[in-house]
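Q:
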Amino acid sequence: MEWSLLAQGGLNGVMLGVNYALIALGLTLIFGILGIVNFTHGEMYMLGGYVAYYFFGHFGLNFFATLALSAVLVGALGVILEKFIFRPLTKRPKLELTSLIAAVGLAWVFQMLAIIAFGDLDKNVPSAFKGILRMSGVVITVERLATIIIGLCLVVLLNVFLLKSKTGMTIRAVAQDKEAAALQGVSVDRITALTFGIGCGLAAISGALIAPIFGISPNMGGEVILKAFLVVILGGMGSVPGAMLGGLVLGFVESFGCLFFSVPTVMVLTFSIIILILILKPKGLLGHA
Amino acid sequence: MKLLKVDNLTKRFGGLVAVNGLDFYIDRGEILGLIGPNGAGKTTVFNMITGAFAPSDGEIVFEGTRITGFKPNRIARLGAVRTFQLTNVFHEMTVLENVILGTHHNSGIGFFQFLHSKSHIRKKDTDALEKATKVIDFLDLTDQIDTLANNLPHGQQRRLEMAIALAVEPKLLLLDEPLQGMNQDEVRDMLSRIQKIRSTGATILLVEHNMKAVTNVCDRVVVLDFGRKLDEGAPTEVMKNPAVIEAYLGIQA
Amino acid sequence: MPKKIGIEAILIILALVVLVTMPWLTQETYVFHILCLIGINIIFAASLNAILNIGELNLAQSAFMGIGAYASTLLVTRVGLSFWFALPLAALITAVISLLIGLLTLRFRGAYFLLFTFLFAELIRILLSNFGISVFGGIPGLTNIPRPSIELGSLIKISFDSKIEFYYLILLITLGSIAILSRIDRSRTGMIFWAISQSESLTESIGIDSMKFKILGVAIGCFFAGVAGSLYAHFVGIITPTDFAVHSVLAPIAYVVVGGMGTVFGPVIGTTFLMVLSHFFLRELGFYELLVYGLIIVGIIRFMPEGLISIPNFIFSRFPEASGSGK
Numbered sequence: 008m009e010w011s012l013l014a015q016g017g018l019n020g021v022m023l024g025v026n027y028a029l030i031a032l033g034l035t036l037i038f039g040i041l042g043i044v045n046f047t048h049g050e051m052y053m054l055g056g057y058v059a060y061y062f063f064g065h066f067g068l069n070f071f072a073t074l075a076l077s078a079v080l081v082g083a084l085g086v087i088l089e090k091f092i093f094r095p096l097t098k099r100p101k102l103e104l105t106s107l108i109a110a111v112g113l114a115w116v117f118q119m120l121a122i123i124a125f126g127d128l129d130k131n132v133p134s135a136f137k138g139i140l141r142m143s144g145v146v147i148t149v150e151r152l153a154t155i156i157i158g159l160c161l162v163v164l165l166n167v168f169l170l171k172s173k174t175g176m177t178i179r180a181v182a183q184d185k186e187a188a189a190l191q192g193v194s195v196d197r198i199t200a201l202t203f204g205i206g207c208g209l210a211a212i213s214g215a216l217i218a219p220i221f222g223i224s225p226n227m228g229g230e231v232i233l234k235a236f237l238v239v240i241l242g243g244m245g246s247v248p249g250a251m252l253g254g255l256v257l258g259f260v261e262s263f264g265c266l267f268f269s270v271p272t273v274m275v276l277t278f279s280i281i282i283l284i285l286i287l288k289p290k291g292l293l294g295h296a
Numbered sequence: 011m012k013l014l015k016v017d018n019l020t021k022r023f024g025g026l027v028a029v030n031g032l033d034f035y036i037d038r039g040e041i042l043g044l045i046g047p048n049g050a051g052k053t054t055v056f057n058m059i060t061g062a063f064a065p066s067d068g069e070i071v072f073e074g075t076r077i078t079g080f081k082p083n084r085i086a087r088l089g090a091v092r093t094f095q096l097t098n099v100f101h102e103m104t105v106l107e108n109v110i111l112g113t114h115h116n117s118g119i120g121f122f123q124f125l126h127s128k129s130h131i132r133k134k135d136t137d138a139l140e141k142a143t144k145v146i147d148f149l150d151l152t153d154q155i156d157t158l159a160n161n162l163p164h165g166q167q168r169r170l171e172m173a174i175a176l177a178v179e180p181k182l183l184l185l186d187e188p189l190q191g192m193n194q195d196e197v198r199d200m201l202s203r204i205q206k207i208r209s210t211g212a213t214i215l216l217v218e219h220n221m222k223a224v225t226n227v228c229d230r231v232v233v234l235d236f237g238r239k240l241d242e243g244a245p246t247e248v249m250k251n252p253a254v255i256e257a258y259l260g261i262q263a
Numbered sequence: 075m076p077k078k079i080g081i082e083a084i085l086i087i088l089a090l091v092v093l094v095t096m097p098w099l100t101q102e103t104y105v106f107h108i109l110c111l112i113g114i115n116i117i118f119a120a121s122l123n124a125i126l127n128i129g130e131l132n133l134a135q136s137a138f139m140g141i142g143a144y145a146s147t148l149l150v151t152r153v154g155l156s157f158w159f160a161l162p163l164a165a166l167i168t169a170v171i172s173l174l175i176g177l178l179t180l181r182f183r184g185a186y187f188l189l190f191t192f193l194f195a196e197l198i199r200i201l202l203s204n205f206g207i208s209v210f211g212g213i214p215g216l217t218n219i220p221r222p223s224i225e226l227g228s229l230i231k232i233s234f235d236s237k238i239e240f241y242y243l244i245l246l247i248t249l250g251s252i253a254i255l256s257r258i259d260r261s262r263t264g265m266i267f268w269a270i271s272q273s274e275s276l277t278e279s280i281g282i283d284s285m286k287f288k289i290l291g292v293a294i295g296c297f298f299a300g301v302a303g304s305l306y307a308h309f310v311g312i313i314t315p316t317d318f319a320v321h322s323v324l325a326p327i328a329y330v331v332v333g334g335m336g337t338v339f340g341p342v343i344g345t346t347f348l349m350v351l352s353h354f355f356l357r358e359l360g361f362y363e364l365l366v367y368g369l370i371i372v373g374i375i376r377f378m379p380e381g382l383i384s385i386p387n388f389i390f391s392r393f394p395e396a397s398g399s400g401k
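Residue numbers (this note's numbering), protein chains in the order written: chain A, 8 to 296; chain B, 11 to 263; chain C, 75 to 401.
#1: By the DSSP assignment, the alpha helix (DSSP H) with threonine 213 of chain B in it spans what residues?
#2: Please classify alanine 28 of chain B: does DSSP put it in a helix, a strand, or coil?
#3: Quick check: is the beta carbon of histidine 115 of chain B nearer than 8 Å to any beta carbon in chain C?
#4: What separation, rounded to the nearest whole angstrom, lies between the Cα atoms of phenylalanine 214 of chain B and asparagine 161 of chain B?
#5: Can you give me the start and stop residues for the beta strand (DSSP E) that valine 145 of chain A sits inside?
#6: For serine 208 of chain C, count neighbouring Cβ atoms within 10 angstroms of its own Cβ and tell me buried if that reaches 16, exposed if not.
#7: Quick one: does lysine 144 of chain B have its CB under 8 Å from some CB of chain C?
#8: Ordered along the chain, which non-local residues of its own chain (more than five positions away) have a Cβ less than 7 Å from that of alanine 325 of chain C?
#9: Closer than 8 Å, CB to CB, is proline 188 of chain B near chain C or not?
#10: So is alanine 319 of chain C in contact with chain B if we call contact Cβ pairs under 8 Å?
#11: Going along the chain, which residues of the segment 119-150 of chain A sit with their C-beta nearer than 8 Å to a C-beta in chain C?
#12: Between which two residues does the alpha helix (DSSP H) carrying glutamate 181 of chain A extend?
#13: Under 8 Å between C-beta atoms, does asparagine 204 of chain C make it to chain A?
#14: Rounded to the nearest angstrom, how far is the Cβ of cysteine 207 of chain A from that of leucine 84 of chain A, given a contact under 8 Å?
#15: Just verifying my parser: in three-state terms, what is the DSSP assignment at tyrosine 258 of chain B?
#16: To be precise: take each residue of the segment 158-170 of chain A, compare its Cβ to all Cβ atoms of chain C, and keep it if any distance is under 7 Å. Which residues remain?
#17: Could you tell me which residues DSSP puts in a beta bridge with valine 91 of chain B?
#18: With which residues is glutamate 69 of chain B paired in a DSSP beta bridge?
#19: For valine 145 of chain B, tell me which candidate among B/Ile207, B/Glu196, B/Val29, B/Gly25 has the shortest Cα-Cα distance.
#20: Within the segment 157-204 of chain B, note down every full alpha helix (DSSP H) run reaching 4 residues or more, in order along the chain.
#21: Is the separation between the beta-carbon of leucine 18 of chain A and that of isoleucine 147 of chain A shorter than 8 Å?
#22: Please name the residues in the segment 154-169 of chain B whose beta-carbon is closer than 8 Å to at least one beta-carbon of chain C, in chain order.
#23: Is there a Cβ of chain A sitting closer than 8 Å to that of isoleucine 125 of chain C, yes or no?
#24: So the candidates are C/Gly333, C/Arg376, C/Asp259; which of them puts its Cα closest to the Cα of proline 386 of chain C?
#25: Where does serine 156 of chain C fall in DSSP's three states?
#26: Please determine if the segment 132-142 of chain C and the segment 301-314 of chain C are in contact, where contact requires at least 3 C-beta pairs separated by less than 8 Å.
#27: Would you say isoleucine 70 of chain B reaches chain C, if we count a Cβ-Cβ gap shorter than 8 Å as a contact?
#28: Between the alpha carbons of isoleucine 220 of chain A and serine 134 of chain A, how many angstroms are there, rounded?
#29: Contact check, threonine 35 of chain A vs methionine 244 of chain A under 8 Å by CB: the rounded distance?
#30: Within 10 Å of its beta-carbon, does histidine 164 of chain B have 16 or more other beta-carbons around it, so buried, or fewer, so exposed?
#31: Are the C-beta of asparagine 83 of chain B and some C-beta of chain C separated by less than 8 Å?
#32: Which residue's Cα is closest to the Cα of glycine 24 of chain B: B/Val232, B/Gly49, B/Ser66?
#33: Does the CB of arginine 181 of chain C have a neighbour CB from chain B at under 8 Å?
#34: By the DSSP assignment, the alpha helix (DSSP H) with leucine 140 of chain A in it spans what residues?
#35: Over what stretch of residues does the alpha helix (DSSP H) that includes glutamate 242 of chain B continue unbroken?
#36: Using only CA atoms, which one of C/Ala299, C/Leu359, C/Leu351 lies nearest to phenylalanine 118 of chain C?
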């Protein structure tokens, strides 16, 4: 095995990992604050892809503006879903179960609507960044490099937002203790809706970002949600650094695994590794004890 | 004779030491108050004794059995039964069903019970029913016996919780802030009920934030501050200790 | 509430009479084909509901049905067992495998169980599609699965080749399954399942080992998923890994939610209602049918969380005098 191939695999792993981390961060934020496993998250990713297909691919909107637009549109959809579907459920018993079933149903509805509206064929989105870089035998397209950089920037931005900004700190406070936050005068409902919107927006950006590389289809959400769940379990439910670490681990395992084994073998290996990790560290790599 | 003995109990969460080398004991038949300002580590101690999480260090001995790190259900079966800080009842069940479940582990109804013949169960169910009715009567919930727990007013839900715990026939009853969120009348009612339970010879560990309210019912109190034992003794004596007064005032000011 | 129980009993007897006399009402093969599928789906929905009773949604329930289907098929075609032994054995195998999953996942509530079962379902699909192809048949699956038959000596021979004979077999097994699940539901064990789903911490605090009961609940549920799988394999005659992929658990979730979660008859009513609707009235909807299902799930959860089974209570509570003595 040549080292250039390994380096190639490493870069691909980072790209996949950053992408998974973006989706998983949204999932973990929503779980942390609402206690809801948002099964519709993959569909938000899918919708982000379609925003890129239409606005960037067809209407010729600037790529960065398209990313922002996808976050805003899908984020707004997330806020609406939270307000009209999920929030009323939080006031009833068995939230975990009912919200989950509602989310599973919603994911289904969005997937069907997408097939009806956009057709069920795979579509290509033109590349936003052209050119190839060559460094001592390692070949990488500018596109993949840009995807990695943009993704990393977003992850860093989100962390700065959560750790330094007032709103970010409020979100963390609400995630830790709703009642205490409410007593401090925080409008828990507004923060919850905002978090839901941010989470969905992140998934949409991730879908739009990856669309030129992998193409889009109505069931791309269903495929990616599995990966995102893996990442969240791996990193620990509700843990933001865990989601990032988990994303990278899964990205590397997949990317390097595919160099040596067939795809099904890689999946079986991935699952086995994750089951093993969970037996040893039941709450994930960075989960709370 | 000591019913429960806690030795060098310590709990660390990451770098934070929530409880630090705590020793105390409970004699049979007494009411011990575990008190202290908010954040003193009372709930952490309570959770370790009842098995919600394992201590980082130290030992808990109940009736001569080392129960450190046991699962909650096993500790309850040994006879140390808890209530919860936030109301915790089976909301979609009636008062009777709630209390009958409390009698379950002493009822002799086995794990694969649904495979047994009906008459075999009916006999044991009658015993359970009798036991449950007695407990319900003891806590004056007889009028509400067929009401769904969800439809009870808050004060009665707290009483139902107590009834469920008593139905387990505890040797040690552990009450976690039973006065939380109650108004004056409800507090007075609850305190008189605790006295009544005590008069049946029960042993009680009472975790409470409200110090004045417990001075009346506790035989002895242990005061916690920052995870350590600040003082121990008769309530009136402890109340005079300047360190205890300061701990309380310091937090509340 | 003697009056209400009376109405329920009459409805059940009426339904049974109609079901038993069905072959005299119609000879349409399509009707019996759908009725058989409804029966299998009722068992499956009830098995899903049995696990919902302990407060968990098992996304691998289809995978467990698949385990039952493959186990039963292989026991008949490879080991040479008769269907009558293969069915219970396959159900037992399914339950035993579920024990392992239960031990791994049930330490945690909700999210972890869900995600773990989601992974498990994918794992089973991938394993069946790509590994041991000589045994499991890979992606095309297994075909020519024989229908059961009874031979007593050389005189009596009933083969369940026709739809009508198979219909009676499925009717019998469905009724039996519902009767057993209903017996469990009314037992002390059922009460403890229900208690766990309401408050696991309280259940533990009164000395009940909730883990043991949750594992039992999952095993009971998966046993019946195995029964449904075995019946499905021998009824349809072809099984493939995708038949039991994660997405195939969605329709049954709709059946349970629409009928009423946590009740014995909820899944029965929900399955019958939605399947009759889709196979006899919404057939021309084609693709849109799935969209309608999704909307129904969301709508029911949001506005009528207790499902169709709560309709009589809803009406009776509006007219208290009609419900007899009330409480």
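Note that beta-carbon positions come from the ideal geometry of N, C-alpha and C, so glycine has one too.
For clarity, every value in this text was computed on a predicted model and none was experimentally measured.
A: Walking through what the data contain:
#1: Element bounds for threonine 213 of chain B: not the alpha helix (DSSP H) but the beta strand (DSSP E), 213-218.
#2: Secondary structure at alanine 28 of chain B: strand, using DSSP grouped into helix, strand and coil.
#3: Histidine 115 of chain B counts as touching chain C.
#4: First, the amino acid is wrong: residue 214 of chain B is isoleucine here, not phenylalanine. The alpha-carbon atoms of isoleucine 214 of chain B and asparagine 161 of chain B are separated by roughly 29 Å.
#5: Looking at the DSSP string, the run of the beta strand (DSSP E) that includes valine 145 of chain A is 145-148.
#6: Exposed, by the Cβ-count rule.
#7: Closer than 8 Å: no.
#8: Exclusion of the five residues before and after alanine 325 of chain C leaves Tyr367 as the residues of its chain whose Cβ lies within less than 7 Å of its Cβ.
#9: Contacts with chain C at 8 Å (Cβ-Cβ) do not include proline 188 of chain B.
#10: Nearest CB-CB separation between alanine 319 of chain C and chain B: not below the 8 Å threshold.
#11: Of all residues in the segment 119-150 of chain A, Met119, Leu120, Ile122, Ile123 have a Cβ within less than 8 Å of some Cβ in chain C.
#12: It should be pointed out that residue 181 of chain A corresponds to valine in this sequence rather than to glutamate. Element bounds for valine 181 of chain A: 173-183.
#13: Yes - at least one Cβ of chain A is within 8 Å of the one on asparagine 204 of chain C.
#14: Between cysteine 207 of chain A and leucine 84 of chain A a beta carbon distance of about 7 Å is seen, short of the 8 Å cut, so the two are scored as contacting.
#15: Tyrosine 258 of chain B: helix per DSSP, three-state reduction.
#16: Cβ contacts with chain C come from no residue of the segment 158-170 of chain A.
#17: Paired residues: B/Leu183.
#18: Note: glutamate 69 of chain B sits in a beta bridge opposite B/Asp17.
#19: Nearest of B/Ile207, B/Glu196, B/Val29, B/Gly25 to valine 145 of chain B, Cα basis: B/Ile207.
#20: Fully contained in the segment 157-204 of chain B are the following alpha helix (DSSP H) runs of length 4 or more, in chain order: 164-177.
#21: A distance below 8 Å separates the beta carbons of leucine 18 of chain A and isoleucine 147 of chain A.
#22: Taking 8 Å as the Cβ-Cβ cut-off against chain C, the residues of the segment 154-169 of chain B that qualify are Asp156.
#23: Chain A, which has no Cβ nearer than 8 Å to the Cβ of isoleucine 125 of chain C, makes this no.
#24: Minimum Cα distance to proline 386 of chain C is reached at C/Gly333.
#25: Residue state, collapsed to three classes: coil.
#26: Result yes; three or more Cβ-Cβ pairs closer than 8 Å.
#27: At a cut-off of 8 Å, the C-beta of isoleucine 70 of chain B has no neighbouring C-beta in chain C.
#28: Roughly 7 Å between the two C-alpha positions.
#29: Their Cβ separation, rounded to whole angstroms, is 7 Å, which keeps threonine 35 of chain A and methionine 244 of chain A in contact under 8 Å.
#30: Counting Cβ neighbours within 10 Å, histidine 164 of chain B comes out exposed, since fewer than 16 surround it.
#31: For asparagine 83 of chain B, the answer is yes, since a Cβ of chain C falls inside 8 Å of its Cβ.
#32: Per the Cα distances, B/Ser66.
#33: No, arginine 181 of chain C lies away from the interface with chain B (no Cβ there is under 8 Å from its Cβ).
#34: Leucine 140 of chain A -> not in any alpha helix (DSSP H); beta strand (DSSP E) instead, spanning 139-142.
#35: It is not in any alpha helix (DSSP H) - glutamate 242 of chain B instead sits in the beta strand (DSSP E) that spans 238-243.
#36: The residue among C/Ala299, C/Leu359, C/Leu351 with its C-alpha nearest the C-alpha of phenylalanine 118 of chain C is C/Ala299.
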